[in-house]
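Engineer: Counting in numbering that gives the first Met the number 0, the sequence shown runs from 0 upward without gaps.
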Amino acid sequence: MKPTYIDIESIAVVHRFYNCGTLQHPLITVIDLTETKPDRPKEEVYYRTAFYTVMCKRFEGTMKYGRSYYDFEEGSLMFTAPNQVIASSPDIQVSEGWGLFFHPALLVGTELGKKIHEYSFFQYDTNEALHISAEEKTILLDCLNKIKREYSQNMDKHTKSLIIDNLQVMLTYCNRFYDRQFFTREYVNHDIVQKFERMLIDYFAQETLVEAGLPDVKYFASQLNLSPNYLSDLLNRFTGKTTQEHIHLQLIDRAKTLLWGTEKTISEIAYNLGFEHPSHFTKLFKSKIGISPKEYRQLN
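What follows is the structure, encoded as structure tokens:
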């Protein structure tokens with residue numbers, strides 16, 4: 000059976016979907032999910048939204064993101080960016096929670112608009128949701144109430160900047176809470192770091208990467224059942240380097256070994272490392288080491 004996709008293009012459509020009263024601002028809204036009666040289809044459907052969402056939910060049932068099901072029984076904070084696809088089952092019930100929805104147009108011309116991509120949790124998978132404490136929940140609710148108060152009263156020249164300022168404060172708090180979650184799960188995350196490092200070493204230990212090609216962040220993330228952004232953030236917090244930086248370090252180490260330990264030409268080494276074009280290998284090597292592969296070999 001072909002899946003059903005529903006596009007939600009505007010904040011106004013969100014209000015109609017949740018049957019939650021009059022829309023007070025065209026680009027942002029806060030909804031108490033326990034007081035809504037959404038028009039849910041009887042079968043599983045996939046929703047595509049044109050805006051950012053931050054949702055704090057306690058569910059009875061399961062929710063699907065991509066190919067993964069996630070149990071929200073304990074409650075959690077979940078983020079989505081524009082054009083992401085989320086599927087929910089018809090039996091899902093929200094027992095507690097709220098949703099913040101804001102359109103990218105709200106951010107045009109603002110500092111937050113320039114840095115929204117830095118809040119990488121908008122690209123995490125649902126099974127990487129943020130689990131917040133009661134105290135953290137109170138902090139976020141305070142930010143939400145300030146945002147809602149601004150768009151609910153008579154708007155003036157300060158309204159937009161105050162909404163944006165409080166929104167940025169809230170997202171920065173979410174960054175802090177994710178840092179806390181990464182470190183409170185230190186044992187599990189340390190295991191992930193070790194698995195990644197072993198996978199990376201094994202990958203570059205292959206005699207040649209002509210067939211396999213250069214690995215990318217998505218490859219290792221999928222092997223570890225994580226989203227690329229989550230894996231990079233986890234590694235950065237525990238090692239100080241992103242996934243891509245780890246890949247480049249291992250690649251350069253392998254290149255050094257081949258340059259000094261074999262008679263292969265620069266082009267042969269580039270192909271063996273998975274590069275389609277030797278010039279790309281030379282450019283990367285020089286950017287990391289400061290000299291070309293040929294100059295490095297001559298140092299020996």
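Every residue, glycine too, gets a C-beta built ideally from N, C-alpha and C.
Look up K217 in the DSSP assignment and say whether it is helix, strand or coil.
Structural biologist: Three-state DSSP puts K217 in a helix.
Engineer: By the three-class DSSP mapping on this structure, what secondary structure does G112 have?
Structural biologist: Three-state DSSP puts G112 in a helix.
Engineer: Starting from S278, follow the alpha helix (DSSP H) in both directions and report where the run begins and ends.
Structural biologist: From DSSP, the alpha helix (DSSP H) with S278 extends over 277-288.
Engineer: Among the candidates F195, K282, Y150, whose CA atom is the shortest distance from the CA of P214?
Structural biologist: The residue with the shortest Cα to Cα distance from P214 is F195.
Engineer: In three-state DSSP terms, what is D70?
Structural biologist: Below a pLDDT of 50, predicted positions are generally treated as unreliable, and D70, at 40, falls in that range; the measurement from the model is reported next regardless. Here D70 sits in strand by DSSP.
Engineer: For the region 101-117 against the region 19-26, are there 3 or more C-beta pairs whose distance is under 8 Å?
Structural biologist: These segments touch.
Engineer: For the alpha helix (DSSP H) that contains M198, what are its first and last residues?
Structural biologist: It spans 185-203 - the alpha helix (DSSP H) in which M198 sits, taken as one unbroken run.
Engineer: Check this for me: beta carbons of L199 and I246, under 8 Å apart or not?
Structural biologist: Yes, the pair counts as a contact, with Cβ atoms nearer than the cut-off.
Engineer: Can you check which of these residues, Y202, L234, N235, T238, is closest to D252 by C-alpha distance?
Structural biologist: Of the listed residues, the one whose Cα sits closest to D252 is Y202.
Engineer: Contact between the region 132-151 and the region 169-182: three or more CB pairs below 8 Å?
Structural biologist: Enough Cβ pairs lie closer than 8 Å, so yes.
Engineer: Report the three-state DSSP secondary structure of I30 (helix, strand or coil).
Structural biologist: Reduced to three states, the DSSP call for I30 is strand.
Engineer: Please look up how many angstroms separate the CB atoms of E127 and L225, rounded, as I've assumed it's under 8 Å.
Structural biologist: Indeed, because the Cβ distance is near 7 Å, the residues count as touching under 8 Å.
Engineer: Using the three-state DSSP reduction, which class does Y64 fall into: helix, strand or coil?
Structural biologist: Because the pLDDT at Y64 is just 40, under 50, the model does not fix this residue reliably, and the point stays unresolved.
Engineer: Near T241, what residues of its chain come up, given a Cβ to Cβ distance below 7 Å and the 5 sequence neighbours on each side ignored?
Structural biologist: Contacts found: S231, L234, N235.
Engineer: Could you tell me the distance, in whole angstroms, from the CA atom of K287 to the CA atom of I265?
Structural biologist: Cα to Cα, the separation comes out at about 16 Å.
Engineer: Taking all protein chains shown into account, decide if M154 is buried (16 or more other Cβ within 10 angstroms of its Cβ) or exposed.
Structural biologist: Classification of M154: exposed, given that the 10 Å Cβ count is below 16.
Engineer: Answer yes or no: do I191 and N165 have a C-beta to C-beta separation smaller than 8 Å?
Structural biologist: The answer is no: Cβ separation not under 8 Å.
Engineer: On the DSSP bridge list, what partners appear for W259?
Structural biologist: In DSSP, W259 forms no bridge with anything.
Engineer: Pick from V44, E43, T3, T48: whose alpha carbon is nearest that of H14?
Structural biologist: Nearest C-alpha to H14: T48.
Engineer: Take K263 and list the residues in its own chain whose beta-carbon comes closer than 8 Å to its own, dropping the five residues that flank it on each side.
Structural biologist: Within the same chain, K263 has close Cβ partners L257, N271.
Engineer: What residue range is occupied by the uninterrupted alpha helix (DSSP H) comprising S231?
Structural biologist: Start and end: 227-238.
Engineer: Roughly how many angstroms separate the alpha carbons of S291 and V84, rounded to a whole number?
Structural biologist: If I take the Cα positions, the gap works out to 44 Å.
Engineer: For the putative contact between Y51 and A80, defined by C-beta atoms under 8 Å, what is the C-beta separation to the nearest angstrom?
Structural biologist: Sure, about 6 Å apart at Cβ, within 8 Å.
Engineer: Between the C-alpha atoms of V53 and M77, what's the straight-line distance to the nearest angstrom?
Structural biologist: Roughly 6 Å separates the two Cα atoms.
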